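As structure tokens, the structure follows; a few thoughts come after it.
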Ligand code: PEP
Ligand code: MN
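Residue numbers (our numbering): 105 to 440.
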């Protein structure tokens with residue numbers, strides 16, 4: 105492995121890098137030219153976490169010499185599995201998270217939650233704090249929404265996931281929420297990510313609207329490097345020149361992050377497509393490509409939904425989807 109050191113790197117940053125490298129059974133040789141400085145790492149570099157290494161201040165770039173060899177760290181490393189109540193995300197499991205975009209009322213969230221549970225969903229989603237493009241759109245029921253989500257959890261015994269928007273809400277989320285969602289718009293809210301790195305709670309990190317895979321993984325690194333290793337990635341479509349769909353689902357990103365990290369990755373077909381008619385097929389494609397699960401919006405009355413009705417599937421359709429996924433999962437080697 106060859107690492108290129110940034111010009112004018114401070115001694116302190118070099119020390120930090122050396123301290124990290126000293127944890128491994130490797131040696132390195134410095135090659136200093138007039139304009140550039142590289143270190144050649146010799147020995148078993150397979151245990152070095154590439155994403156973590158790239159996050160050091162001193163590093164400009166990293167080049168693996170044995171790109172596809174058996175030393176590839178992510179081929180050999182055990183995949184991260186994250187336990188949430190009775191559910192395990194990652195490994196051989198295909199986890200289905202379902203529920204409305206937003207919590208709207210007690211009747212709405214409890215009735216949707218019960219149907220989703222009956223049809224085989226593992227985890228209940230529902231937004232209480234909604235990040236809306238327009239300040240005049242429904243912003244979520246906020247704390248009342250969180251209370252209603254907890255009621256739905258009691259009724260169905262499903263773990264719950266909901267989106268956090270600010271650091272000051274962390275204590276309440278740690279107390280009541282099973283998975284904390286960081287939305288696409290907050291993927292690079294580094295202050296929030298650092299704070300989430302200090303807690304012991306699974307974090308679902310959505311890919312930013314226009315984020316590269318590298319930027320997304322670096323954001324994950326903010327949480328991981330703080331000590332919280334329970335990060336789940338979520339591909340939710342990216343902004344491209346195409347306008348027919350709300351976003352462009354980047355299924356190859358699922359494969360890319362599997363090559364580059366050990367973290368579980370799930371797909372959000374609802375925000376990717378923006379159209380309910382595409383949600384079932386994209387969900388099946390996500391399973392086929394090797395994703396660790398999906399997060400899908402389900403609503404009992406999409407025409408009247410306060411947020412994201414056009415991309416929400418009705419419970420009956422969700423049942424059909426679950427039936428299909430159950431048939432496909434064994435072929436892919438996943439448990440559902
Ligand atoms: C959501 O899950 O409801 C949501 C707002 O998603 P995203 O952050 O991916 O837009
Ligand atoms: Mn939504």
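Beta carbons: idealized from backbone N, C-alpha and C, even for Gly.
These numbers come from a predicted model, not from an experiment.
Comparing the CB of residue 205 with every heavy atom of the ligand PEP, is any distance shorter than 6 Å? Checking the Cβ of residue 205 against the ligand PEP gives yes.
From residue 422 to residue 335, what does the alpha carbon distance come to, in whole angstroms? One C-alpha to the other measures close to 26 Å.
Which class does residue 270 belong to by DSSP, given the choice of helix, strand or coil? Residue state, collapsed to three classes: coil.
Is residue 298 near the ligand PEP, judged by its Cβ being under 6 Å from some heavy atom? It does not: the Cβ of residue 298 is nowhere closer than 6 Å to a heavy atom of the ligand PEP.
Which word fits residue 204, buried or exposed, when buried means at least 16 other C-beta atoms lie within 10 angstroms of its C-beta? Counting Cβ neighbours within 10 Å, residue 204 comes out buried, since at least 16 surround it.
Where does residue 314 fall in DSSP's three states? It is coil, neither helix nor strand.
Can you tell me the Cα-Cα spacing of residue 420 and residue 123, whole angstroms? Cα-Cα distance, rounded: 56 Å.
Going along the chain, which residues of its own chain have a beta-carbon closer than 7 Å to the beta-carbon of residue 294, five neighbours each way excluded? Annotation for residue 294: 326 place their beta carbon closer than 7 Å to its own, counting only its chain and skipping 5 residues before and after.
Between the C-alpha atoms of residue 371 and residue 301, what's the straight-line distance to the nearest angstrom? In this model, residue 371 and residue 301 are separated by some 22 Å (Cα to Cα).
Extent of the continuous alpha helix (DSSP H) run through residue 421: Per DSSP, the unbroken alpha helix (DSSP H) holding residue 421 starts and ends at 419-436.
In whole angstroms, give me the CA-to-CA distance for residue 243 and residue 413. Looking at the two C-alpha atoms, the distance is approximately 15 Å.
Residue 149 and residue 130 - do their beta-carbons sit closer together than 7 Å? A contact, by the Cβ cut-off of 7 Å.
Measuring only the C-alpha atoms, how far is residue 396 from residue 361? Each residue's alpha carbon lies about 12 Å from the other.
When you compare only the Cα positions, how much space is there between residue 382 and residue 116? Each residue's alpha carbon lies about 52 Å from the other.
Among all the DSSP beta bridges, which residues are the ones paired with residue 91? The structure shown has nothing for residue 91, since the chain only spans 105 to 440.
Given a threshold of 16 other Cβ atoms within 10 Å of its Cβ, counted over all protein chains shown, does residue 234 qualify as buried or as exposed? The residue in question, residue 234, is buried, as its Cβ has 16 or more Cβ neighbours within 10 Å.
Cβ-heavy atom distance, residue 372 to the ligand MN, below 6 Å: Within the chosen limit of 6 Å, the ligand MN does not reach the beta carbon of residue 372 with any heavy atom.
Specify the secondary structure class of residue 159 as computed by DSSP and reduced to three states. Under the three-state reduction of DSSP, residue 159 is assigned to coil, being neither helix nor strand.
The alpha helix (DSSP H) enclosing residue 298, as first and last residue numbers: Judged by DSSP secondary structure, residue 298 falls within the alpha helix (DSSP H) whose first and last residues are 294-300.
Less than 7 Å between the C-beta atoms of residue 193 and residue 368, yes or no? Cβ distance < 7 Å, so residue 193 and residue 368 count as in contact.
With 16 other Cβ atoms within 10 Å as the buried cut-off, status of residue 276: With fewer than 16 other Cβ atoms within 10 Å, it is exposed.
DSSP state of residue 249, grouped into three classes? Secondary structure at residue 249: helix, using DSSP grouped into helix, strand and coil.
Using the C-alpha atoms, what's the distance from residue 217 back to residue 333? Their backbone Cα atoms lie some 29 Å apart in a straight line.
Let me see if you follow: with CB-CB separation under 7 Å, is residue 228 close to chain D or not? No chain D appears in this structure, which consists of one protein chain only.
DSSP three-state label for residue 411, please. It is coil, neither helix nor strand.
List the DSSP bridge partners of residue 378. Bridge partners of residue 378: none, in fact.
Quick one: what's residue 264 bridged to in DSSP? DSSP, once it has assigned bridges, lists 228 as partnering residue 264.
Three Cβ pairs or more, each shorter than 8 Å: is that satisfied between the segment 207-216 and the segment 383-392? With the cut-off at 8 Å, the segment 207-216 and the segment 383-392 do not touch.
Based on DSSP bridge pairs, tell me the residues matched to residue 188. Per DSSP, 191.
Report yes if the C-beta of residue 287 is less than 6 Å from at least one heavy atom of the ligand PEP; otherwise report no. For the ligand PEP, at least one heavy atom lies less than 6 Å from the Cβ of residue 287.
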